[in-house]
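Top to bottom, those sequences are chains R and B.
By this note's numbering, the letter at position 167 of the first sequence is numbered 167, and the numbering carries on one by one without gaps.
Throughout, this note's numbering is defined as the position within the second sequence, counted from one, plus 1000.
Glycine included, every Cβ here is placed at the ideal spot set by N, Cα and C.
Every value quoted in this text rests on a predicted model; they were computed, and no experiment measured them.
Worksheet: the structure to be examined is printed underneath.
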Amino acid sequence: MSHLYLSPRRLGGSAAVLTALAAALTLGAQTAAPPPKLPHPALTLKDAEGRNVLDSGRPISTRQTCGGDCHDYDFIANSFHFQQGKTEMDRTLLSSHGIPAFNSSPGMFGKFSIIPNRQLTHADITDPADADMSQPEWLTKCGGCHTGGGISEFDLKGRKFGTPEATPSGPLDPSYTIRDRATGKVMPWDWAKSGTAEADCFLCHVPKASRAARKKEYAAGNFRWADNATLADTGIVTAAADGTYKYNRDAFRPDGTVKAQLLDLSDPTLENCAQCHGFTARNTTNIQPIQHADILRGTEKAGWIYNGAKISDTESPKITGKEHMKYPWDAHAAQGLVCIDCHFSPNNPGRMIQEDERKNLRYKPGSLDPAVYLKRPDHNFARGNIPPETVNITRHNTMRGCGDCHEAEKGHAFLPYKSLHFQAMACQTCHIPAVHFWAYRSDDWGFLMDTGTSRITFRGIEGSIVDPESDITGYLPAYIPSPGKDGRMQIRPTNLITGVYWLDKTKGRPVFTWQVQQAFFQSLAEGDWQYRPEIVKAFGDKDGIVDIPQAVYDTPQKIALVRGLLQQYAGVADPELRIEVVPWAMSHSIAGKGQAVKECTACHARNSMLNRPLDLNTFLPKNVPVIFRGKQANVVNFEGTEPTFDNRALLGGFYVIGKSRSPFVEWTGWVAVAGALLFSLVHGGLRAWKGRA
Amino acid sequence: MKSTPLYSLHERVWHWLQAAAMILLILTGLAIHYPDRFGIVGSLANSIRIHAWLGAALILNAFLGAFYHLTAEKYHHFLPQMDDFTGAAVRQARFYLYGIFHGEHHPLDVDPKRKLNPLQKITYLALLNVLLPFQIVTGVLMWGADRWPRTFERVGGLWLLGPAHTLGAYLFLAFLIGHIYLATTGPTPLALIREMALGESERTESSAEIAE
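In structure tokens:
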């Protein structure tokens, strides 16, 4: 749509061109073309010493290239996108948000997550048994997405790697060690060999950024060249066999600056965000949510697809019933909205929220100077609040909510009691009536598969998630109250991911994966997972094979057996098997008004969708503690063919007309009505009988 | 047999309007309480809107009725005397439970000055002074949930008002059933209903004479 911005002289004033322009404008209105961009000033790629990399051949330093005279590197790299919780390792902060103390931080760098069942090792450990995931291992596993700077430049005590003061505080210091998988021993990490990775500005600001190449370098422990790897698809660098990257002279101008069109520096595009956050595209009929050998987190957690194309036009994968879905995957994507429209930099003068309720202001005339923003753009991006997500916890609900763009009260003419509805329910409740994709269903670390890892199941798909021929049936979400922006509980559509794991009751934390592996397997070497004889005897068939259907804790004796193995082989004093049901509230895959729930009886009825049961995990053990939002709760219904989520207690705080019943009122009322009817019938009958007599 | 004027036009119009509003309120109330089973007026939203208009009509009619009975000095029909709670009430109850089956004469002969029997007076005392205001207050508060959200929440919100209003509705329904049935206990099953429709009593001469 760039021809919309041609100069009038070039248009020539001809009627034909004007007609074309009118047509283009009409088309532009329909497809919501992106606004024009001003080019970024010419850029010299510099190394850590500030020299042009063309001359030195050394890795690009974003501190020198993007920082220096232009942007405030340290200010930017101190934000959550780079620190991932490293600056929030504060026990008081954790306890004030109800986060268990076994987490190091509320962010991805420090919190325990059921999906990988891994835990960043605390900085002050003295027992090797307390070491799980060290800082270097975290970077090799998670660094592909998490954008460097902070976590890959500084140790847990805040010392910059490679400086004289950056030395391990002991043999278990998690910033300088890594657990060897085969031997189980905690070994030193060689930072001199791996190098460090500065904040990777390119990952988000270069449209052709390659997370795949970057991830490969992180996984190999080649942090030094990871930022260069991000540029692998731009033509600026080429990977060399020795793990370094060579610069292509053709990509540079004679003055040593890089050709602007190759970097194409810009605001983060949908595609940039999509690399890590979930399947996102402006308009595509080919949906591939598994990229770079891992699943996009936002999609896997709740099945959301941010895509402007119509579901009915999807070519791959196979969406069951798509012919009836002649509407977009996401109504906002179809309107051309990009991620940063809502998840903006909080101090961007063009997007920032200026309202100040305390001063009754909706606009502050003396707001921020754009030059200040360009120097120090806040990278703690505006975000919502998707319980139970704790990342960037001090900045929840900083984005514009639905009501900041939409005046819901002016629409919804069909809806009585609008305020009451909008107060009780998040907009998503009606505007995400169904999920048309698959999502995580369960991750069971209680019984390890013969691959040494957990048993994962998905909902909304018949077949394998990596098979494009699998039928994607989608699923209907559960409805769970979660705190809204004002702290009030609102009903939201939610996916439920059920985890099963062992808790070390003595230490008050989940049993580490390597410990569970020690209990289950004779050998911990990759590719040589042999179950212990005790496991085979208890769970195997007559041929000694443990098949998936048999890997079930269907008797207390089997739980006790594995508990004993954890004590015997992993040194876990008091392990306890637990179930945790984790709700993931949804905010994307928004349906427009044509597809949103409008039928009153969808909620206001005895068989209300609000109480619709959602299946959890076929293999859930019975009679073990069930944790929901950090507390033991009775939310699993084992009575049907499959365990399902029981949200009756959670929705108990909502009186839904047509659905909610007060037993006292119903009994008293109907007894009174029945009494009146009975009296009338008996009395009338007696009168008739006596009258005849 | 001779006709005796018993109910004025104002009283009859008030009564039948109130009856119609009440029946329709109960029906739309059932459609709201059981929207998936009693969708008699379309969607739940329609039921709520119609219910609210009917409620407004009932309140207006109740106000006009009260105004009429007060200004026409007819309110005394609804005021029980001490005896109405004791001896007269027992006699009336005995009649319903025994005498009516044995051909006994009604203990009270109605006349333009004394239209209600003791049990009716006690029932209407509770109905018009307790149950009806209770339903009006809880109904208006629910109707105004979007208009006066703080007041609505302060009195307990839907959690309190919903069940309370529903209980009141059940009691009204029970009253309605009993009322309609007892309306058939006149000299003929339709005699009392005819009285309220036409305003004239056609009871035995002796009864009328006694009343006079």
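Do you know how far the Cα of R:L368 is from the Cα of R:R358? Straight-line Cα distance between these residues: approximately 19 Å.
Ignore the nearest five residues each way along the sequence and tell me which others in R:P643's own chain have a CB closer than 6 Å to its CB. Cβ-Cβ distances below 6 Å link R:P643 to L616, L620 and V636 in the same chain, with the five nearest sequence neighbours on each side left out; the list follows chain order.
First and last residue of the uninterrupted beta strand (DSSP E) at R:G499: From DSSP, the beta strand (DSSP E) with R:G499 extends over M489 to D504.
The alpha helix (DSSP H) enclosing R:E49, as first and last residue numbers: It is not in any alpha helix (DSSP H) - R:E49 carries neither H nor E in the DSSP assignment.
How far does the beta strand (DSSP E) with R:W304 in it extend, from its first residue to its last? Counting along the chain, R:W304 falls outside any beta strand (DSSP E), and DSSP gives it neither H nor E.
Could you please give the first and the last residue of the uninterrupted beta strand (DSSP E) stretch that includes B:A1164? Taken as a continuous stretch (DSSP letters only), B:A1164 belongs to no beta strand (DSSP E), being part of the alpha helix (DSSP H) at G1157 to L1182.
Rounded distance between the beta-carbons of R:C339 and R:T280, thought under 8 Å: Confirmed, Cβ separation roughly 7 Å.
So, are the CB atoms of R:N607 and R:Y479 less than 8 Å apart? Inclusion of R:N607 and R:Y479 in the CB contact set at 8 Å is not warranted, their separation being larger than that value.
R:W329 and R:I290: beta carbons closer than 8 Å? Going by C-beta atoms, R:W329 is not nearer than 8 Å to R:I290.
Neighbourhood of B:G1055 by C-beta distance below 6 Å, restricted to the same chain and skipping five residues each side: Taken in chain order, the residues that qualify are G1139.
Give me the Cα-Cα distance between B:W1148 and B:W1016, rounded to the nearest whole angstrom. Whole-angstrom Cα-Cα distance: 33 Å.
Delimiting residues of the beta strand (DSSP E) encompassing R:F458: Segment R455 to R459, the beta strand (DSSP E) holding R:F458.
Locate the beta strand (DSSP E) running through R:K246, then write down its first and last residues. Run containing R:K246: Y245 to Y247, per the beta strand (DSSP E) assignment.
If contact means a Cβ-Cβ distance below 8 Å, which residues of the segment 603 to 621 of chain R contact chain B? Cβ contacts with chain B: H604, A605, R606 and N607.
Excluding the five sequence neighbours on either side, which residues of its own chain have a C-beta within less than 8 Å of the C-beta of R:R612, listed in chain order? Excluding the 5 residues flanking it on each side, R:R612 has same chain C-beta neighbours closer than 8 Å at L476, A478 and Y479, in chain order.
From the DSSP secondary-structure annotation, give me the bridge partner or partners of R:Q698. A query on residue 698 of chain R cannot be resolved here, the shown segment of chain R reaching from 1 to 693 and no further.
Counting only Cβ pairs nearer than 7 Å, list the residues of chain B close to R:A676. In chain order, A1174, I1177 and G1178 make up the part of chain B whose C-beta sits under 7 Å from the C-beta of R:A676.
Could you spell out where the beta strand (DSSP E) holding R:E534 opens and where it closes? No beta strand (DSSP E) holds R:E534; the alpha helix (DSSP H) holding it covers P533 to F539.
Whether R:P174 touches R:S134 by CB criterion (8 Å): Yes. Within cutoff.
Please report the residue range of the alpha helix (DSSP H) in which R:R211 lies. From DSSP, the alpha helix (DSSP H) with R:R211 extends over R211 to A219.
Alpha carbon to alpha carbon, how far is R:D264 from R:G68? Give it in angstroms, no decimals. Rounded to whole angstroms, R:G68 to R:D264 spans 20 Å at the Cα level.
Buried or exposed (CB count within 10 angstroms, at least 16 for buried), R:L610: Using a 10 angstroms sphere on the CB of R:L610, the tally of other CB atoms reaches 16 or more, which defines it as buried.
Tell me the start and end of each unbroken alpha helix (DSSP H) in the segment 344 to 387 of chain R that is at least 4 residues and wholly inside, in chain order. Listed in chain order, they are 370 to 375.
Determine whether the Cβ of B:G1162 lies closer than 8 Å to any Cβ atom of chain R. Yes, B:G1162 lies at the interface with chain R (some Cβ there is under 8 Å from its Cβ).
R:A371 burial status per 10 Å Cβ neighbour count (16 or more: buried): The residue is exposed, with fewer than 16 neighbouring Cβ atoms inside 10 Å.
Out of R:H604, R:W584, R:A633 and R:S589, state which residue places its alpha-carbon closest to the alpha-carbon of R:S113. The shortest C-alpha separation from R:S113 is found at R:W584.
For the segment 1142 to 1172 of chain B, enumerate the residues whose C-beta is nearer than 7 Å to any C-beta of chain R, in chain order. Of all residues in the segment 1142 to 1172 of chain B, A1145, D1146, P1149, L1158, W1159, G1162, P1163, T1166, L1167, Y1170 and L1171 have a Cβ within less than 7 Å of some Cβ in chain R.
I'd like to know whether the C-beta of B:Y1181 is nearer than 8 Å to at least one C-beta of chain R. Residue-level contact check: B:Y1181 touches chain R, since one or more beta carbons of chain R fall below 8 Å from its beta carbon.
Using three-state DSSP, classify R:L616 as helix, strand or coil. It is coil, neither helix nor strand.
Exposure of R:S454, with buried meaning 16 or more beta-carbon neighbours within 10 Å: Classified as buried, R:S454 has 16 or more neighbouring CB atoms from the shown chains inside 10 Å of its CB.
Residues of the segment 575 to 593 of chain R with a CB closer than 8 Å to any CB of chain B: list them in chain order, please. Those residues of the segment 575 to 593 of chain R that come within reach of chain B (Cβ to Cβ, closer than 8 Å) do not exist; the list is empty.
Give the residues of chain R in contact with B:I1048, contact being defined as C-beta atoms less than 7 Å apart. In chain order, P416 make up the part of chain R whose C-beta sits under 7 Å from the C-beta of B:I1048.
Is it true that the segment 414 to 434 of chain R meets the segment 111 to 130 of chain R, where meeting means three or more beta-carbon pairs spaced less than 8 Å apart? Between the segment 414 to 434 of chain R and the segment 111 to 130 of chain R there are fewer than three inter-stretch CB-CB distances shorter than 8 Å, so the stretches are not counted as touching.
Quick check: is the beta carbon of B:I1100 nearer than 8 Å to any beta carbon in chain R? By this cut-off, B:I1100 is an interface position.
In terms of residues, what are the limits of the beta strand (DSSP E) holding B:E1104? From DSSP, B:E1104 is part of no beta strand (DSSP E); its letter is neither H nor E.
Interface residues of chain R around B:A1191 at Cβ under 8 Å? Close partners of B:A1191 in chain R (Cβ separation under 8 Å) are lacking, with about 14 Å as the shortest Cβ gap.
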